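The sequence shown runs -26 to -1, 1 to 491 under mature numbering (1 follows the signal peptide of the UniProt record, and there is no 0).
Every residue, glycine too, gets a C-beta built ideally from N, C-alpha and C.
Keep in mind the model is a prediction, meaning the values are calculated, not measured.
Below is one structure, written out as structure tokens; the observations come after it.
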Amino acid sequence: MSNCICFLPLLSLFVVLTVHFSSVCSKGEEKELPTRPRGVSPQLAPLYQTRSQFECLDGKKSIPFEQVNDDYCDCADGSDEPGTSACKNGHFYCANFGFRPQTLPSSRVNDFICDCCDGSDEWDSGTECPNVCDSLGAKAREDAKQQAEVQTAGYAKRKELAKEGGKMLAEKKSEVEKKQKELDELAELKKGTEEAKKAAEELEKEAKDREEKEWEEAKKERTEAEAKQMFDKMEKDGDGKISSDELKRFATVGSAAGAAGERGDELLKDIFKKKSDGETAETGDAKQQQIEESLDFAAFLDKFEMVKEFVDEIASAAEKQDAEIPAGTEEGDKTDDQSGEEGQKETEKYEQKTRELIERADQARKEYDEVADKVSDLERLIRESSSYLDVEFGPDSAWAPLKGQCAELTTTQYVYKLCLFDRTVQKDRNGHSEISLGHWGKWAGPENGNKFEAQRYEHGQTCWNGPERSTLVQFECGEQFELVETSEPSKCEYHFLAKSPTACANPEELKGEHAEL
């Protein structure tokens, strides 16, 4: 029965103690009956009735009854010496009237240490052991009474939490069903707006592609015209070609001779490089490249971008030398890739009809995005509520209102925090950074018992040269949720002890259980 008492809630312990103390105190006449040798429990007393022979309790040997408690071990199981320390495997029974009976290893008998509250274990050692059973019994009854009061108050709080939890879960479930219905309706709307968006974007793309193609063609024509104008200004000898000297003269008119600089020289070489078959102006093997003596207009047009860069480089170099704009570059001769349309706003550069299609596509995108955002929000809310409903909150849902609630315990060096169904953390008292000791994992009570009496938090921050941190949280009955004790029994494995009304059992059910003990 003692093993049962250790694992049953404290209210039942109070009931058992009260019944036991009342019983033993009303039977004072049972103290050390003559027929019961010293150290024998009442349950074993019938086996020690005075007779000529004593049979060892293991049934392997019989000895004269006079040899019981003669301070010599005759029985292999030590049963002939319940009141002495002769047998290393013997047991001594303390009656401890007024408190709890106790069974000791016989090695503690007459060892000069008071183990029994009634002092009966030191009957022959000369050690004076005061009988403190009455005071211990009174204190135990008072403690049990207080714990019973906590159990009763805690269970009342648990019933309130269970009622609140049931309501919360019902609301969450209803909320999920409602939002799922909204989501189904929005899914159809999203599909419609997506199709409308795609159709509008196709028309928008066709119109923009058409105009942009026209712009490219117009830009090409402008580039050719610009190149022709510059080519004609450079070509002075009437042979229809431009030599490197003619290009340099054009670029350096009015500026210091040879002002091209290193970059200008490189550009000039690139402009007059001869291309092999299949080679563009920008590629080619340097060893195989040869220098053209001159460029006709087709070759000039092909390398017009480099020509313009060369002219600009000469002008820039000249400005650095004499702070003068090259005389060869007249107003209007300077190159400018940007057309008038390219300097305008994105939509303003298009024709009115195309702008209308762009506006329609923008509106379709806006309508689709609004619906898509609503769908995303609903999906997130449904996930959160469904995740809440997936958690086990006990048989009566009493744990549900406590989800996310946190409790802290400050120790000499650290502050520990437990947030139910979320995480456990540790932080230095003088610091702000937190170390994760684990995230909510599962219920961790005994497999054959109440699994809701413990929780495990897993996958915390990895220890240096060690495993991930984890926490086992044990719960006991209390009138409020609080963290009362922390420890680290092994590296990176933490144990928390917490109190909570959700750990309190029904007092009436406990009384029924103990009536059977």
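D402 - partner residues in DSSP beta bridges: DSSP output for D402 lists Y388 as bridge partner(s).
Simplified DSSP state of K247, which is helix, strand or coil: K247 falls in the strand class under three-state DSSP.
Pick from R403, F367, E366, L363 that is closest to E382, judged by C-alpha positions: Measuring from the Cα of E382, the nearest candidate turns out to be R403.
Delimiting residues of the beta strand (DSSP E) encompassing L269: From DSSP, the beta strand (DSSP E) with L269 extends over 268 to 270.
Separation of T385 from F426, as counted between CA atoms: When the Cα atoms are used, F426 and T385 turn out to be separated by approximately 27 angstroms.
Sequence-distant residues of the same chain with beta carbon closer than 8 angstroms to M142, five excluded per side: So the list reads S371, A374, P375, once near-sequence residues are dropped.
For S217: DSSP bridge partner residues: Assignment of beta-bridge partners to S217 by DSSP yields S268.
Closest by C-alpha distance to K323, when choosing among V399, E185, E333, F205: Relative to the Cα of K323, the nearest Cα in the group V399, E185, E333, F205 belongs to E185.
Proximity to E102 [Cα-Cα], best of D117, H65, F86, D108: If we check each option's Cα against that of E102, F86 comes out closest.
Buried or exposed by the 16-neighbour rule on C-beta atoms within 10 Å, applied to S53: Label assigned to S53: buried.
Alpha-carbon spacing of A174 relative to E344, whole angstroms: A174 and E344 have their C-alpha atoms roughly 16 angstroms apart.
Boundaries (first-last residue) of the beta strand (DSSP E) holding C466: DSSP places C466 outside any beta strand (DSSP E), giving it a letter other than H or E.
Proximal residues to E454 (C-beta, below 8 angstroms), its chain only, five neighbours per side dropped: Sequence inspection shows Gln at residue 454; the Glu mentioned does not correspond to that position. Excluding positions up to five away in sequence, the list reads K131, K473, S474, P475.
Buried/exposed call for A122, threshold 16 Cβ in 10 Å: Buried is the call here.
Meets three-Cβ-pair contact criterion under 8 angstroms: the stretch 266 to 284 and the stretch 194 to 206: The stretch 266 to 284 vs the stretch 194 to 206: in contact.
Selection from S80, A69, Y22 that minimises the alpha carbon distance to C47: Closest option to C47, judged by alpha-carbon separation, among S80, A69, Y22: S80.
Which listed residue (Q41, G57, E29) has its alpha carbon closest to that of S15: Ranking Q41, G57, E29 by Cα distance to S15 puts G57 first.
Extent of the continuous beta strand (DSSP E) run through I409: It spans 408 to 417 - the beta strand (DSSP E) in which I409 sits, taken as one unbroken run.
Collapsed DSSP secondary structure at Y46 in the structure displayed: In the structure shown, Y46 sits in coil (DSSP, three-state: anything other than H, G, I, E or B).
Burial state of Q400 (16 or more Cβ within 10 Å): Burial call: buried.
Interface flag, Y342 vs chain B, CB-CB below 8 angstroms: Of the chains in the structure shown, none is chain B; there is only one protein chain.
Own chain, CB closer than 8 angstroms to C30, minus 5 neighbours either side, in chain order: Excluding its 5 nearest sequence neighbours in each direction, C30 has C-beta neighbours in its own chain below 8 angstroms: S36, I37, D48, C49, A50, D51, S53, D54, listed in chain order.
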